[in-house]
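The sequence shown begins at 0 in numbering that gives the first Met the number 0 and counts up one residue at a time. Positions of the beta carbon are idealized from the N, C-alpha and C atoms, including for glycine. Only one structure is covered here, and it is reproduced in the block below.
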Amino acid sequence: MQTLAEGLRLPTNGLDYAILAIYFVVVLGIGFAARASVRTSLDFFLSGRSLPAWVTGLAFVAANLGATEILGMAATGAQYG
């Protein structure tokens, strides 16, 4: 008898594994390339002070704003007006 989990599983082939391997190689390559320009942890966190304020602000908002926060804000607005 086939269970639900077995019915939902998609078969993988060599192409899938090749795409996954290429992805990891690209990500590791970007990491090693970026490592050459970062000397200290402060340099990493401040991006060498080379980013404009609007990019930093958008990154902060994107990192701290998710679906849970949006639903929470909607619920708070509905509850308190």
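Task: Straight-line gap, alanine 74 to asparagine 63 (C-alpha atoms, nearest Å) - done: 18 Å
Open item on the list: Pop quiz: valine 37 and phenylalanine 31 are said to be a contact at Cβ under 8 Å. What is the actual Cβ separation, rounded to whole angstroms?
Closed with: With a Cβ gap of about 11 Å, valine 37 and phenylalanine 31 do not count as contacting.
Open item on the list: Once DSSP output is grouped into helix, strand and coil, what is the label at valine 24?
Closed with: helix
Task: Alpha carbon of threonine 39 to alpha carbon of alanine 58, nearest angstrom - done: 21 Å
Open item on the list: Quick check on the DSSP output: the alpha helix (DSSP H) that includes serine 40 runs from which residue to which?
Closed with: 40 to 45
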